[in-house]
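> Supplied in structure tokens, the structure appears directly below.
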Amino acid sequence: MKRILVLAAAMTAAASIAWAGNSLEDSKMDKFIDKLMDKMTVEEKIGQLNLPVAPTDIVTGPAQESDIAGLISEGKIGGLFNLSDVKKVREIQELAVKNSRLHIPLIFGLDVVHGQKTVFPIPLGLSATWNMDAIEETARIAAVEASAQGINWVYSPMVDITHDARWGRVAEGAGEDPYLGSKIAEAYVRGYQGDLTSDDEVLACVKHYALYGAADAGRDYTASDMSRYRMFNYYMAPYKAAVDAGVASVMSAFQQVEGVPCALNEYLLTDVLREQWGFDGFVVADYDAVREATTHGLGNLQEVSARALKAGLDMDMVSGAFVGTLKKSLDEGLVSEADIDKACRRILEAKYILGLFDDPYRFCDDDSQEEKLFTPEHRAKARKIAAESFVLLKNEGNVLPLAKDARIAVVGMFADDSPNMLGSWTVGADIDSPVTILEGIRNAVDNPESVSYSRGSNLFFDPDMDSRALNHGKSVDRDSRSDNMLAAEAVEAAENADVVVAVLGEAAEMSGEAASRVNITIPDAQRTLLEKLVGTGKPVVLVLCTGRPLVLDWENENVDAILNIWFPGTEAGYAVADVLFGDENPSGKLTMSFPRHVGQMPFYYNEPNNGRPTGGEWRKYASSYMDTDWTALYPFGYGLSYTTFAYSTPEIEKESYILEHDGNGWSLDCPVKVKVTVTNTGDRAGAETVQLYVRDMAGSVGRPLRELKGFEKIYLNPGESRQVEFCLDAEALSFYNPALEQIVEPGEFTVMTGGSSADVQSVKFIVK
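Right, here's the structure in full:
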């Protein structure tokens, strides 16, 4: 962790946060930790590698005699997680500092994934903003709020690339593209960590390393097996970007890669992460993953624990495997004390960098909570950023924006629902804090009485399916009235309105961990309701709640407008109303393709070409489907606006470039400068994300049809034009060959610019 001790003084604010070594500080830290470790017993060193979950009664009452309290006093715990109560954190820290022999403080971790008290859109929604400043700001606010509650280590960002919308944890990531995912990873790390000199900056933890998003069949926890060529070209870049940005910790994934669970995978944890990428922070296992290696069939608990330590795992979460077996493994020669020392040192370095040895109570200021938690400033940011995350998928006949004097029938169980607006992984939030969509709409219109509300349906027809859609440990509310009665009430309301706003989709916990689905559609009871609403002949606006791309083929054909709001967080209702009524112009763009059918999974825009591509209409002996179009319904990068934008053909300064190699890497004789002019051709101001894609036309291996290599979000007034310039260097043209060498090959390249991956204009250049 020496490399990440001090932020380089010469680094500009625009640069990525890279932790840079400082010889004086390194020396001070080394001497301090050397002296401390000389005093530690082997059992105390192993204790630093132990991360149990915090019982709620750990300090008060009878918990003074609890197992956890006893282990803390014995110096056999390095940290705790799942506690966000600053008073309890202080009490527990005091227990560690005063009662343990060497007075070593604990670190306190928590899943702070898209906000703490103030909740922002789910990460997939945040990625749809394509706004790195906004994403960094959400992480910054989350760090401020988490640290005010005693947390100094957050299990975020989740940067797993995925091509399969069946997998529930797509909600937590940034979608399907490694370039965009890398930029987002950097933004999160900057936001959480800053330079770690302030008591409201926290350690970030990039997860889930590695390839967790490539789970077989989209089923959580299943193996991810692929060639290393595919691994490095499609999946690994965001993890590396987080490391290059200075992330303090890495969480290993649950599943097997090349037959070995990630927590025990020496190739991933040591060969790649440390030796190739130079990571010098610490690695923590995911929840109980070390013990679960026994279920994978890799041996008994002692064997898998020893293997995990030697593979490069530093901290065991929950299972107690390290603290329970490593001393015996040391005595039997399965591990060395040097193995234990290496992991222990990394944990102690993290505590040193956090300043906990100077002030163990640095993150325990109870007086700061009121001025830092759920503040008006934080909520205003949440409202603005939520609106920016919404993706307008359809707007037939410009149904949107709505008039504020219209008679509106608001329909759907999620319209008057607070908890489900949060999305998954909001453990620090008050579940009743979000503004409901119904409240937001009524607050925005001229006359609140012109807005009716009816539930219309339950989530599913089958109550057992409803019971699986848990929200904060509770099933979604189910109305006892019959399906026909619920629908009839909604239809009557629709018939008496000018427009219907149907708020439908997934419940919050239908995406996230352990939430894989094979039918990635709007649940059946809601879909039937939607059909009946469309049958009234009134304009229907579908406000879609979802944590993943859904199959919306019927909706796309039959509904007038579709506004995808993901799970928007704390300010859901206000943000939705801002967009529905045109106070905010939607500017979100998809970062994960929406398929036409679940049978297309896995799906990704940047696939390589094949020998029999489908040019247009279906034809035999081409790479297509007999029963549906092979393309995405809504492609990567897609999103509409209340205005329109026109693109010029891209231009480049010259058509030929010289490729050079100086022994250290590839370079071009000058950057490829690409210019494109974008004009707002509508009558409203709006933001547009200008996207740049590259294709290597011929190489030693088949390359993707297009790869995102640049983007810029611009704001244009009606009639305004702006020229956007991109600069491509050799790295933008590079890829990993089957030998895992990052190379650039000479030849012809096509550069494409446009408003989505499927709507581009192109120009070509040559690299010699």
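Mapped onto mature numbering (1 follows the signal peptide of the UniProt record, and there is no 0), the consecutive letters of the sequence shown carry residue numbers -20 to -1, 1 to 748.
Just so you know, even glycine gets a beta-carbon here, dropped at the ideal spot from N, CA and C.
Can the beta-carbon of residue 230 be found closer than 8 Å to that of residue 258?
Counting from 1 along the sequence shown, the entry for residue 230 is found at position 250. Counting from 1 along the sequence shown, the entry for residue 258 is found at position 278. No. Outside cutoff.
> Output needed for residue 720: all residues of its chain with C-beta closer than 8 Å, excluding positions within five of it in sequence on either side, in chain order.
Position 740 of the sequence shown, counting from 1, holds the residue named residue 720. These residues qualify, in order along the chain: 208, 209, 212.
> From which residue to which residue does the alpha helix (DSSP H) around residue 129 run?
Reading the sequence shown from its first residue, position 149 is the one you call residue 129. Element bounds for residue 129: n/a, residue is neither H nor E.
> Using only alpha-carbon positions, find the residue among 391, 555, 408 that is nearest to residue 476.
Taking the sequence shown and counting its residues from 1, one reaches residue 476 at position 496. Residue 391 is the option with its Cα nearest to residue 476.
> Kindly indicate which residue of 385, 397, 321 has the alpha-carbon position closest to the one of residue 750.
The structure shown does not extend to residue 750, since the chain is modelled only from -20 to 748, so the question has no answer here.
> With a CB to CB cut of under 7 Å and the five nearest residues on each side skipped, what residues in its chain are close to residue 40?
Within the sequence shown, the letter at position 60 stands for residue 40. Because residue 40 sits at a pLDDT of 34, beneath the cut-off of 50, its placement in the model cannot be relied upon, and the point is left open.
> Do residue 316 and residue 271 come within 8 Å of each other at the CB atom, strictly closer than that value?
The residue labelled residue 271 in the question sits at position 291 within the sequence shown. The residue labelled residue 316 in the question sits at position 336 within the sequence shown. For residue 271 and residue 316, no; Cβs fall outside 8 Å.
> For the structure I just gave you, are there three or more beta carbon pairs, one from the region 543 to 552 and one from the region 357 to 371, closer than 8 Å?
yes
> Just mark residue 598 as buried or exposed, buried being the case when its beta carbon has 16 or more other beta carbons within 10 Å.
Counting from 1 along the sequence shown, the entry for residue 598 is found at position 618. Classification for residue 598: exposed.
> Can you tell me whether residue 750 is helix, strand or coil according to DSSP?
Residue 750 cannot be examined here, being either before or after the span of the chain that is shown, -20 to 748.
> Output the distance between the C-alpha atoms of residue 203 and residue 195, rounded to the nearest integer angstrom.
Along the sequence shown, read from residue 1 onward, the residue named residue 203 stands at position 223. Along the sequence shown, read from residue 1 onward, the residue named residue 195 stands at position 215. The alpha-carbon atoms of residue 203 and residue 195 are separated by roughly 6 Å.
> Could you give the C-beta distance for residue 491 and residue 151, rounded to a whole number, given that I count them as a contact under 8 Å?
Numbered from 1 along the sequence shown, position 511 holds the residue referred to as residue 491. Numbered from 1 along the sequence shown, position 171 holds the residue referred to as residue 151. The Cβ separation is near 4 Å, so the contact holds.
> Among 310, 479, 440, 447, which one has its Cα closest to the Cα of residue 462?
Numbered from its first residue, the sequence shown carries residue 462 at position 482. Nearest C-alpha to residue 462: 440.
> Give the DSSP-derived three-state secondary structure of residue 110 in the structure shown.
Here residue 110 refers to the residue found at position 130 of the sequence shown. Secondary structure at residue 110: coil, using DSSP grouped into helix, strand and coil.
> Ends of the beta strand (DSSP E) at residue 675?
Sequence index remark: in the sequence shown, residue 675 carries index 695 (1-based). Residue 675 -> beta strand (DSSP E) spans 666 to 676.
> Quick one: using the 10 Å Cβ neighbour count with 16 as the cut-off for buried, is residue 596 buried or exposed?
One-based indexing of the sequence shown puts residue 596 at position 616. So residue 596 counts as exposed.
> Is it true that the region 324 to 340 meets the region 580 to 587, where meeting means three or more beta-carbon pairs spaced less than 8 Å apart?
no
> For residue 646, write down the residues that DSSP places opposite it in a beta bridge.
For this step, residue 646 is matched to residue 666 along the sequence shown. 641.
> Distance, Cα to Cα, residue 649 vs residue 748?
Within the sequence shown, the letter at position 669 stands for residue 649. Within the sequence shown, the letter at position 768 stands for residue 748. Roughly 10 Å separates the two Cα atoms.
> Helix, strand or coil, according to DSSP, for residue 206 in the structure here?
The residue given as residue 206 occupies position 226 in the sequence shown. Looking at residue 206 - three-state DSSP - the assignment turns out to be coil, as it is neither helix nor strand.
> Pop quiz: residue 571 and residue 156 are said to be a contact at Cβ under 8 Å. What is the actual Cβ separation, rounded to whole angstroms?
Taking the sequence shown and counting its residues from 1, one reaches residue 571 at position 591. Taking the sequence shown and counting its residues from 1, one reaches residue 156 at position 176. Rounded, the Cβ-Cβ distance is 7 Å, consistent with contact.
> Expressed to the nearest angstrom, what Euclidean distance is found between the alpha-carbon atoms of residue 738 and residue 620?
Sequence index remark: in the sequence shown, residue 738 carries index 758 (1-based). Sequence index remark: in the sequence shown, residue 620 carries index 640 (1-based). Their Cα atoms are separated by approximately 13 Å.
> Report, in whole angstroms, the separation of the C-beta atoms of residue 114 and residue 75, which I expect to be a contact under 8 Å.
The residue given as residue 114 occupies position 134 in the sequence shown. The residue given as residue 75 occupies position 95 in the sequence shown. Between residue 75 and residue 114 the Cβ distance is about 40 Å, and since that is not below 8 Å, they are no contact.
> Should residue 9 go down as buried or exposed, given a rule of 16 or more other Cβ atoms within 10 Å for buried?
Start at 1 with the first residue of the sequence shown, and residue 9 comes out as number 29. That one is buried.
> Give the secondary structure of residue 276 by DSSP, where H, G and I count as helix, E and B as strand, and everything else as coil.
Here residue 276 refers to the residue found at position 296 when the sequence shown is read from its first residue. Helix at residue 276.
> Only counting the same chain, and skipping five residues up and downstream in sequence, which positions put a Cβ closer than 6 Å to that of residue 25?
The count along the sequence shown starts at 1 and reaches residue 25 at position 45. 320, 324, listed in sequence order.
> Considering only residues of the same chain and omitting the five flanking positions on each side of residue 282, which have a CB-CB separation below 7 Å?
Walking along the sequence shown from the start, residue 282 turns up at place 302. Cβ neighbours of residue 282 beyond the five flanking positions: 305, 308, 309.
> Shortest alpha-carbon distance to residue 590 belongs to which of 78, 604, 382?
Counting from one through the sequence shown, the residue named residue 590 turns up at place 610. The candidate whose alpha carbon is nearest that of residue 590 is 604.
> Alpha carbon to alpha carbon, what distance is there between residue 232 and residue 78?
Working through the sequence shown from its first residue, we reach residue 78 at position 98. Working through the sequence shown from its first residue, we reach residue 232 at position 252. Residue 232 has its alpha-carbon roughly 32 Å from the corresponding atom of residue 78.
> Grab me the residues of residue 706's own chain with a C-beta within less than 6 Å of its C-beta, minus the 5 sequence neighbours each way, in chain order.
Counting from 1 along the sequence shown, the entry for residue 706 is found at position 726. Excluding residues within five positions, the ones whose Cβ falls inside 6 Å are 654, 672, 690.
> Quick one: which unbroken alpha helix (DSSP H) runs of 4-plus residues sit fully inside the region 275 to 363? Chain order, please.
281 to 291, 301 to 311, 317 to 333, 349 to 352
> Evaluate residue 681 with the Cβ neighbour count: other Cβ atoms within 10 Å of its Cβ, from every protein chain shown; 16 or more gives buried, anything less gives exposed.
Position 701 of the sequence shown, counted from the first residue, corresponds to residue 681. Exposed, since its Cβ has fewer than 16 Cβ neighbours within 10 Å.
> Taking only three categories from DSSP, how would you classify residue 43?
Residue 43 sits at position 63 when you count from the first residue of the sequence shown. In this predicted model, residue 43 has a pLDDT of only 36, less than 50, meaning its place in the structure is not dependable; the value taken from the coordinates is given anyway. Of the three classes helix, strand and coil, the one that applies to residue 43 here is helix, per DSSP.
> Out of 518, 520, 545, 695, state which residue places its alpha-carbon closest to the alpha-carbon of residue 530.
Taking the sequence shown and counting its residues from 1, one reaches residue 530 at position 550. Checked all of 518, 520, 545, 695; the closest Cα to residue 530 is 545.
> What do you get for residue 633, buried or exposed, if any count of 16 or more other CB atoms within 10 angstroms of its CB means buried?
Taking the first residue of the sequence shown as position 1, residue 633 is located at position 653. Per the 10 Å Cβ criterion, exposed.
> By DSSP, does residue 476 sit in helix, in strand, or in coil?
What you label residue 476 is simply residue 496 of the sequence shown in a count that begins at 1. It is coil, neither helix nor strand.
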